[in-house]
Amino acid sequence: MKLDKYIPIIGMGFMLLLVQLIAIALSKPLEANNFKAFENPNDTGNVFVWVAIILIFTAFIFLVIKLNKKWIIQAFILITVGWTLAYVFYALFSMLPFITPDMNLILTIIISAALTVILYKFPEWYVIDIVGVILGAGSASIFGISLNIVPVILLLIVLLVYDYIAVYRTKHMVALAEGVMDLRLPILLVIPKHWNYSFRTEKFDKEDREAFFMGLGDAVMPTLLVVSANVFITGTTFYSLPLIGAVNIPAIGAILGTFLGFSVLMVLVMKGKPQAGLPFLNGGVILGYVVGSLIAGSNIFSG
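Going by the numbering used here, the first residue of the sequence shown is number 13, and it counts up by one from there.
So this is what it looks like as structure tokens:
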């Protein structure tokens, strides 16, 4: 296989790493502003709330597609994008001592709204990817600081089983992805096979596509454990990374485990068939976290 065949895979791996590193960097400012999804991070009931939301939202998307009202999905996701971006930028700007709360609010609204409008008006692949990375990192960080180790691992196991069933058995996840791709929203990351590729003119009804696609959830879900491990595991060695902050050994192990799973996944993807990402990515991140915890001498199930 020629080297240029691997460039999109490298690009996909780079964006996955970027989501994880930015999510770690965002965890401190998000915590400082108490931007959490759940009050009690140790409550495993939060897992079932999350799964219920996923199932309800999936059913909602299928219903809207059947009714041929895709604009409802587009409007809902664009509002969610703008809302999540606002959390991220407000938390970031709040860490700057020369920005007042009023200035922060104005800047946050302007930047979040501008990015959302650009996404709507000009959904080219690089716009999708920039917004998707910020959105994915922000979402993973918010939920990562909201769930301790046990709930996160339980959630990842439930979702990897669900993803396996949804892709290989019922295959409704493949149908869902194909049904919303033409909306050109940051629910996926786009890695073109050549530089003159245009996502805006991509025809999704042909077999030989000109880009690789990775669901944003495939980047977000394993990152939950990376963030959770870095926030809740104490008493282990930390390494300080420029612009990222302190990262502990279990979190580093989780990152490396993610890319072990990613490597196996890419071998299968290069064969040309759609694959369920979470069985490989979630499985890899859990394995990496366990190995990292054992090396650090920390308790695997407590934070």
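Heads up, the beta-carbon is just placed ideally off N, CA and C, and yes, glycines get one too.
Can you give the beta carbon distance from residue i to residue j, rounded, assuming they're within the 8 Å contact cut?
i    : j    : result
V202 : G150 : The pair is not a contact, with the Cβ atoms about 19 Å apart (cut-off 8 Å).
P53  : S158 : 6 Å
V258 : G304 : The residue you asked about is not Val; residue 258 is Ala in the sequence shown. So it is not a contact: roughly 15 Å between Cβ atoms.
L308 : P262 : In the sequence on display, residue 308 carries Ala and not Leu. Correct: roughly 6 Å between the Cβ atoms.
L228 : L147 : 7 Å
S310 : G156 : Between G156 and S310 the Cβ distance is about 17 Å, and since that is not below 8 Å, they are no contact.
L30  : V145 : 5 Å
T70  : L188 : 7 Å
M24  : M226 : 6 Å
What is the residue span of the alpha helix (DSSP H) that residue i lies within?
i    : result
Y301 : 290-308
I157 : Premise fails: I157 is in no alpha helix (DSSP H) and is neither H nor E.
K133 : 113-133
F72  : 57-78
G284 : Counting along the chain, G284 falls outside any alpha helix (DSSP H), and DSSP gives it neither H nor E.
T182 : Element bounds for T182: n/a, residue is neither H nor E.
D194 : Looking at the DSSP string, D194 is not in any alpha helix (DSSP H), and its letter there is neither H nor E.
L255 : Here L255 belongs to no alpha helix (DSSP H), and DSSP marks it neither H nor E.
W95  : 82-105
F26  : 19-44
L172 : 161-176
Which same chain residues end up closer than 8 Å to residue i when comparing Cβ atoms and leaving out the 5 residues on each side of it in sequence?
i    : result
L90  : T128, L131, Y132, L197
H206 : E222
I121 : A98
I111 : F105, L119
I140 : L131, R196, L197, P198, L200, L201, V202, F211
P109 : none
DSSP has residue i in a bridge; who is on the other side?
i    : result
M226 : L201
N260 : F250
Report the option in the options whose CA atom is closest to the CA atom of residue i.
i    : options                : result
L299 : D141, G289, I312, Q287 : I312
L79  : L268, T270, G191       : G191
K82  : A241, M193, D141, Y251 : M193
P254 : L28, I22, W137, I34    : I34
W62  : V143, N242, I169       : I169
F271 : K17, Y18, I19, F26     : F26
E43  : V243, V276, G269, G289 : V243
K48  : S314, G295, V239       : V239
G57  : I77, V164, S106        : V164
G295 : D230, K283, T248       : D230
G289 : L200, L166, L306       : L200
P113 : N45, L28, V297, L236   : N45
K285 : K17, Y180, V232, E214  : Y180
What residues in its chain sit with their C-beta under 6 Å from that of residue i, if we drop five residues either side in the sequence?
i    : result
V281 : Q287
F292 : G273, V276, L277
Q32  : T235, V238, I267
A241 : P262, A263, A266, Y301
What residues in its chain sit with their C-beta under 7 Å from that of residue i, if we drop five residues either side in the sequence?
i    : result
M278 : I21
M13  : Interpretation of M13 is limited by its pLDDT of 47, a score under 50 that renders its predicted location unreliable; the figure taken from the coordinates is listed afterwards. Counting only Cβ-Cβ distances below 7 Å, and skipping sequence neighbours, we find nothing.
V302 : I312
L195 : K82, I85, Q86
F50  : N58, S158, L159
S252 : A258
Y209 : W137, E222, A223
N116 : Y102, F105, S106
T249 : N260, I261, A308
T96  : L147, G150, S151
L306 : none
A125 : G94
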